[in-house]
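There are 2 protein chains.
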Amino acid sequence: MTTPAAVAPRISERARRMPSSPIRRLMPLAEAARARGVRVYHLNIGQPDIETPACMREKLAKAERVLAYSPSGGTPEYVASLSAYYRKLGFDLGPDELLATTGGSEAVLFAMFACTEDGDEAIVVEPFYTNYNSFAGLAGVTLRPVRATGENGFHLPPESEFEAALSPRSRLVLLCNPNNPTGTVYTREEVERVGAFCRRHGLFLVSDEVYREFVYDGREATSALSLPDSDDFVIVVDSLSKRYSACGIRLGCLATRNRDVHAAALRMAQGRLSPPGLAQLVALGANEVGPDYARGVQVEYQKRRDVLFEGLGRIPGVFLAKPEGAFYFVARLPVKDADDFAAWLLSDFSHEGATVMVAPASGFYATPGLGRDEVRIAYVLNVDDLRAAVKVLAAALPRYRQERGL
Amino acid sequence: MTTPAAVAPRISERARRMPSSPIRRLMPLAEAARARGVRVYHLNIGQPDIETPACMREKLAKAERVLAYSPSGGTPEYVASLSAYYRKLGFDLGPDELLATTGGSEAVLFAMFACTEDGDEAIVVEPFYTNYNSFAGLAGVTLRPVRATGENGFHLPPESEFEAALSPRSRLVLLCNPNNPTGTVYTREEVERVGAFCRRHGLFLVSDEVYREFVYDGREATSALSLPDSDDFVIVVDSLSKRYSACGIRLGCLATRNRDVHAAALRMAQGRLSPPGLAQLVALGANEVGPDYARGVQVEYQKRRDVLFEGLGRIPGVFLAKPEGAFYFVARLPVKDADDFAAWLLSDFSHEGATVMVAPASGFYATPGLGRDEVRIAYVLNVDDLRAAVKVLAAALPRYRQERGL
Numbered sequence: 001m002t003t004p005a006a007v008a009p010r011i012s013e014r015a016r017r018m019p020s021s022p023i024r025r026l027m028p029l030a031e032a033a034r035a036r037g038v039r040v041y042h043l044n045i046g047q048p049d050i051e052t053p054a055c056m057r058e059k060l061a062k063a064e065r066v067l068a069y070s071p072s073g074g075t076p077e078y079v080a081s082l083s084a085y086y087r088k089l090g091f092d093l094g095p096d097e098l099l100a101t102t103g104g105s106e107a108v109l110f111a112m113f114a115c116t117e118d119g120d121e122a123i124v125v126e127p128f129y130t131n132y133n134s135f136a137g138l139a140g141v142t143l144r145p146v147r148a149t150g151e152n153g154f155h156l157p158p159e160s161e162f163e164a165a166l167s168p169r170s171r172l173v174l175l176c177n178p179n180n181p182t183g184t185v186y187t188r189e190e191v192e193r194v195g196a197f198c199r200r201h202g203l204f205l206v207s208d209e210v211y212r213e214f215v216y217d218g219r220e221a222t223s224a225l226s227l228p229d230s231d232d233f234v235i236v237v238d239s240l241s242k243r244y245s246a247c248g249i250r251l252g253c254l255a256t257r258n259r260d261v262h263a264a265a266l267r268m269a270q271g272r273l274s275p276p277g278l279a280q281l282v283a284l285g286a287n288e289v290g291p292d293y294a295r296g297v298q299v300e301y302q303k304r305r306d307v308l309f310e311g312l313g314r315i316p317g318v319f320l321a322k323p324e325g326a327f328y329f330v331a332r333l334p335v336k337d338a339d340d341f342a343a344w345l346l347s348d349f350s351h352e353g354a355t356v357m358v359a360p361a362s363g364f365y366a367t368p369g370l371g372r373d374e375v376r377i378a379y380v381l382n383v384d385d386l387r388a389a390v391k392v393l394a395a396a397l398p399r400y401r402q403e404r405g406l
Numbered sequence: 407m408t409t410p411a412a413v414a415p416r417i418s419e420r421a422r423r424m425p426s427s428p429i430r431r432l433m434p435l436a437e438a439a440r441a442r443g444v445r446v447y448h449l450n451i452g453q454p455d456i457e458t459p460a461c462m463r464e465k466l467a468k469a470e471r472v473l474a475y476s477p478s479g480g481t482p483e484y485v486a487s488l489s490a491y492y493r494k495l496g497f498d499l500g501p502d503e504l505l506a507t508t509g510g511s512e513a514v515l516f517a518m519f520a521c522t523e524d525g526d527e528a529i530v531v532e533p534f535y536t537n538y539n540s541f542a543g544l545a546g547v548t549l550r551p552v553r554a555t556g557e558n559g560f561h562l563p564p565e566s567e568f569e570a571a572l573s574p575r576s577r578l579v580l581l582c583n584p585n586n587p588t589g590t591v592y593t594r595e596e597v598e599r600v601g602a603f604c605r606r607h608g609l610f611l612v613s614d615e616v617y618r619e620f621v622y623d624g625r626e627a628t629s630a631l632s633l634p635d636s637d638d639f640v641i642v643v644d645s646l647s648k649r650y651s652a653c654g655i656r657l658g659c660l661a662t663r664n665r666d667v668h669a670a671a672l673r674m675a676q677g678r679l680s681p682p683g684l685a686q687l688v689a690l691g692a693n694e695v696g697p698d699y700a701r702g703v704q705v706e707y708q709k710r711r712d713v714l715f716e717g718l719g720r721i722p723g724v725f726l727a728k729p730e731g732a733f734y735f736v737a738r739l740p741v742k743d744a745d746d747f748a749a750w751l752l753s754d755f756s757h758e759g760a761t762v763m764v765a766p767a768s769g770f771y772a773t774p775g776l777g778r779d780e781v782r783i784a785y786v787l788n789v790d791d792l793r794a795a796v797k798v799l800a801a802a803l804p805r806y807r808q809e810r811g812l
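From first to last, the protein sequence lines stand for chains E and S.
In this text, residue positions in the first sequence follow this note's numbering: the first is 1, and each later residue adds one.
In this text, residue positions in the second sequence follow this note's numbering: the first is 407, and each later residue adds one.
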């Protein structure tokens with residue numbers, strides 16, 4: 001074999017631009033802290049500690065002897081269970097309006113590719129779920145942010161800002177409701193306003209509603225499916241991950257009454273053959289999960305939110321509006337560089353043998369420079385651990401400010 | 407809410423272009439045949455009937471009570487099991503060279519996006535695995551085919567054809583070895599020739615080796631990882647689907663020693679959070695699967711191949727070279743339009759209460775008009791069913807030719 005000298009091939013620019021996880025840089029620091037014997041409270045991740053319902057896990061005993069492909073759009077049984085779930089919410093969605101996806105992630109991916117060409121734009125409220133960057137990056141789509149602020153509880157900015165973000169290449173608005181990372185639950189009026197904006201400008205509304213059940217103080221999440229004219233422009237991203245504390249099974253769905261979008265997503269789904277089969281088996285148990293489960297989870301998370309909201313609110317210089325849903329919020333801290341603070345917490349600080357890992361918020365913004373003094377906090381730990389984490393942060397902030405001369 | 411009249415948004419051209427499954431049109435015909443009481447032998451799909459090893463399925467009993475996210479690149483245990491598997495093949499691949507993917511499909515997707523920009527080109531031997539069209543479509547990549555022919559056992563065409571397919575936008579060669587749909591096992595010399603071609607022109611070699619264990623008559627599959635200069639341009643796509651008859655779990659991997667490609671694929675993997683967790687649990691049982699399993703599967707498939715090869719070879723006008731690997735082959739039939747023949751088999755014909763479903767080969771070609779008289783046959787049925795299927799085809803072909811005036 002002759003192999004004349006040649007330039008080694010290089011990866012693509014779009015692969016180069018693909019963002020790495022904003023907390024990845026912190027992971028080795030957390031491991032080092034643990035290695036020093038420091039207990040690390042993880043407020044940085046959205047992995048719930050709640051058990052996956054036993055009636056779901058038990059379905060695994062029924063796995064076939066051949067773990068075979070399922071239909072690309074999902075097993076009829078799984079799709080029927082989705083239909084039943086949506087019927088309880090008041091939405092009548094049939095098998096041609098529901099498509100099984102590999103987590104909510106794949107539903108975002110399918111929606112993005114179904115709605116856009118390379119070079120198109122999507123409008124998104126920032127701060128936003130950082131992985132939208134990844135899907136936009138793959139699709140060659142530029143995210144045009146409209147800014148929400150903590151003072152306003154991260155509710156929607158005025159219509160004029162949406163208008164200002166429009167361009168001839170705008171194809172969709174991507175809304176996460178209830179919101180990750182801010183915990184904001186948009187009101188019905190807000191959802192209607194976004195819907196009317198999309199309608200007026202011929203945009204798709206991609207509504208990521210995976211935290212639908214996680215709403216507090218008697219709130220209700222408004223699904224974009226409830227918009228009276230939603231048939232041809234609304235695409236809902238859904239997932240079993242948070243609803244049933246089953247993040248690892250990777251199962252979700254795309255729900256839309258737009259037949260072209262559904263057909264396009266199904267063609268993409270055929271390309272990857274099928275969604276995870278064991279996950280679809282587990283999902284069948286969801287039919288047996290009673291309303292008590294969701295209520296119990298809601299009560300537990302509301303308690304956790306209260307512990308953190310009250311605890312952090314008492315720390316001088318910390319600002320956060322009361323979170324309304326999901327299990328995250330974005331807090332402003334009396335620091336100049338939350339990345340530095342997050343690293344310092346892991347590397348240079350401990351309080352009574354413990355420290356805290358938080359997610360710096362800059363990765364949740366598209367506008368450079370924003371979120372530098374903010375962190376995303378996830379409350380997926382039990383109440384005692386959250387109280388301990390608050391103590392750590394209360395001790396850490398004055399010390400950090402002193403060390404950095406703030 | 408005011409909703410002034412607006413044009414409803416339309417799906418993207420790239421979504422419109424996304425091909426639908428080539429056998430999808432035939433599915434309702436197969437269902438109708440079954441409804442008429444006709445037994446349908448499925449030679450159209452690659453879903454093995456072999457049991458997933460019990461030692462793998464049994465791992466499901468160890469599922470945790472919280473079905474949590476796994477690391478984006480795979481659990482350390484799964485990645486270690488991949489390492490161990492590759493070590494047995496003679497390749498030393500560490501955790502920075504292996505990445506867990508959601509089936510081999512996602513590995514193709516990651517490789518495609520890591521290597522190309524929208525508008526780039528990939529060279530592929532046709533006929534090829536039809537779902538490459540889907541991943542290329544998402545990535546905006548044009549597949550440039552070089553043609554293999556049945557007379558040559560679908561082995562590689564001369565170098566000059568690869569040269570002719572080159573353009574300034576060529577970024578990679580996508581090779582499936584052993585080949586789906588042709589069953590061809592490329593010789594070491596052929597793999598080296600493709601490697602040298604890639605090397606000379608600065609292209610990546612994406613080598614889809616998911617049928618590695620399915621080789622007959624004492625052949626060995628040559629992994630592109632064995633190319634002596636493979637470190638910076640070889641990307642291997644792998645999957646547990648066929649190896650352990652576990653298609654439905656959706657677990658595979660991307661293997662490459664190119665650090666940039668690995669890092670880019672990991673960033674894409676972080677975007678979708680994690681590969682299926684239950685699948686990774688099942689995969690741990692693969693460590694306990696002895697060499698007897700692969701040998702037994704190989705013996706069984708070789709027997710099946712022989713039954714089909716001999717049986718079909720005796721039907722006048724049918725041409726196929728002896729298949730060397732995988733569990734497919736492409737056969738030429740004495741028909742003008744295999745799509746029409748496949749539909750006719752399901753709608754207008756039965757022999758002793760049975761008929762056969764085959765995959766028309768035109769969907770496996772990029773060049774319009776090619777493969778019109780060919781079908782892909784999968785031999786994933788037991789030997790008795792295959793013999794019965796041969797009888798059906800032997801009775802069907804003269805009848806079809808007569809009816810169509812051929």
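Heads up, the beta-carbon is just placed ideally off N, CA and C, and yes, glycines get one too.
Next item on the list: Could you spell out where the beta strand (DSSP E) holding E253 (chain E) opens and where it closes?
Entry: A quick correction: the sequence has Cys, not Glu, at residue 253 (chain E). Looking at the DSSP string, the run of the beta strand (DSSP E) that includes C253 (chain E) is G252 to T256.
Check: Is S613 (chain S) helix, strand or coil when you go by DSSP?
Finding: strand
Notebook entry, point to check: Looking at the structure shown, is D644 (chain S) part of a helix, part of a strand, or coil, going by DSSP?
Noted result: strand
Margin query: So, with DSSP's three-state summary, where would you put L803 (chain S)?
Written below: The answer is helix: DSSP assigns L803 (chain S) an H, G or I state.
Note to self: By alpha-carbon positions, which one of S:P766, S:P740, S:A689 and S:C653 ends up nearest to A748 (chain S)?
What the structure shows: S:P766
Notebook entry, point to check: Can you give the Cα-Cα distance for A265 (chain E) and R430 (chain S), rounded to whole angstroms?
Noted result: So the alpha carbons of these two residues sit roughly 15 Å apart.
Check: Which residues of chain S have a Cβ atom closer than 9 Å to the Cβ of M268 (chain E), listed in chain order?
Finding: Near M268 (chain E) (Cβ distances below 9 Å), the residues of chain S are A421, M424, S540, G543 and L544.
Notebook entry, point to check: Ends of the alpha helix (DSSP H) at L346 (chain E)?
Noted result: A338 to D348
Next item on the list: Count the other C-beta atoms from every protein chain shown that fall within 10 angstroms of the C-beta of D120 (chain E), then say buried if there are 16 or more, exposed otherwise.
Entry: buried
Item checked: Supposed contact pair C521 (chain S) and L578 (chain S) - C-beta distance, whole angstroms, cut 8 Å -> 5 Å
Note to self: In the DSSP output, what is P168 (chain E) paired with across the bridge?
What the structure shows: Paired residues: none, contrary to the question.
Check: For the candidate residues E:P95, E:D96 and E:F110, whose alpha-carbon lies nearest to that of T102 (chain E)?
Finding: E:F110
Next item on the list: Compare the C-beta of I529 (chain S) against all C-beta atoms of chain E and say whether one is closer than 8 Å.
Entry: no
Next item on the list: In the DSSP assignment, find the unbroken beta strand (DSSP E) run with E126 (chain E) in it and report its ends.
Entry: E121 to E126
Note to self: By the three-class DSSP mapping on this structure, what secondary structure does V764 (chain S) have?
What the structure shows: coil
Margin query: I want to know whether the region 605–613 of chain S touches the region 629–641 of chain S - three or more CB-CB distances under 8 Å.
Written below: yes
Item checked: Neighbour list for S83 (chain E) in chain S, Cβ cutoff strictly below 7 Å -> Correct list: empty, because the minimum Cβ distance to chain S is about 21 Å.
Note to self: If you reduce the DSSP assignment to three classes, tell me which class F154 (chain E) lands in.
What the structure shows: coil
Notebook entry, point to check: Quick one: which chain S residues come within Cβ less than 9 Å of Q302 (chain E)?
Noted result: The CB of Q302 (chain E) never comes closer than 9 Å to any CB in chain S; the least such distance is about 20 Å.
Next item on the list: Starting from the Cα of A802 (chain S), find the closest Cα among S:R778, S:V741, S:P482 and S:G769 and give me that residue.
Entry: S:V741
Check: What does DSSP give as the partner residues of T130 (chain E) in its beta bridges?
Finding: According to DSSP, T130 (chain E) bridges with nothing at all.
Next item on the list: With 9 Å as the limit, tell me which residues of the region 272–301 of chain E have their beta carbon closer than that to any beta carbon of chain S; keep them in chain order.
Entry: R272, L273, S274, P275, P276, G277, L278, A279, Q280, L281 and V282
Checklist line | is_contact[I783 (chain S), chain E] using C-beta, thresh 8 Å | finding: no
Next item on the list: Tell me whether G353 (chain E) is buried or exposed, calling it buried when 16 or more other Cβ atoms sit within 10 Å of its Cβ.
Entry: exposed
Item checked: Residue of E:Y129, E:N287 and E:L273 minimising C-alpha distance to A539 (chain S) -> Reading the sequence as shown, one finds Asn at residue 539 (chain S) and not Ala. Comparing Cα-Cα distances from N539 (chain S) to each of E:Y129, E:N287 and E:L273, the minimum goes to E:L273.
Note to self: Would Q561 (chain S) and Y535 (chain S) be called neighbours here (beta carbons separated by less than 8 Å)?
What the structure shows: In the sequence under discussion, the amino acid at residue 561 (chain S) is His, which differs from the Gln named in the question. Cβ atoms of H561 (chain S) and Y535 (chain S): not closer than 8 Å.
Next item on the list: Could you work out which residues of chain E lie near D790 (chain S), taking near to mean beta carbons separated by less than 9 Å?
Entry: Correct list: empty, because the minimum Cβ distance to chain E is about 18 Å.
Notebook entry, point to check: Would a C-beta distance cut-off of 8 Å place M94 (chain E) and A269 (chain E) closer than the cut-off?
Noted result: Residue 94 (chain E) is actually Gly in this sequence, not Met. No.
Notebook entry, point to check: With a cut-off of 8 Å, does the C-beta of A114 (chain E) fall near any C-beta of chain S?
Noted result: yes
Next item on the list: Thinking D506 (chain S) and Q686 (chain S) are a contact (beta carbons under 8 Å), I'd like their distance in whole angstroms, please.
Entry: It should be noted that the sequence gives Ala, not Asp, for residue 506 (chain S). That pair is a contact at about 7 Å.
Margin query: Contact between the region 640–654 of chain S and the region 614–632 of chain S is defined here as three or more beta-carbon pairs at a separation below 8 Å; is this criterion met?
Written below: yes
Notebook entry, point to check: With distances taken from CA atoms, which of E:G325, E:A32 and E:G290 is nearest L346 (chain E)?
Noted result: E:A32
Margin query: Pull the bridge partners of I783 (chain S) from the DSSP assignment, please.
Written below: S:F735
Checklist line | Y492 (chain S) versus A486 (chain S): straight-line alpha-carbon distance, rounded | finding: 10 Å
Next item on the list: Just tell me which of E:P9, E:A8 and E:A15 has its CA closest to the CA of A669 (chain S).
Entry: E:A15
Next item on the list: Determine the DSSP secondary structure at F319 (chain E), reduced to helix, strand or coil.
Entry: F319 (chain E): strand per DSSP, three-state reduction.
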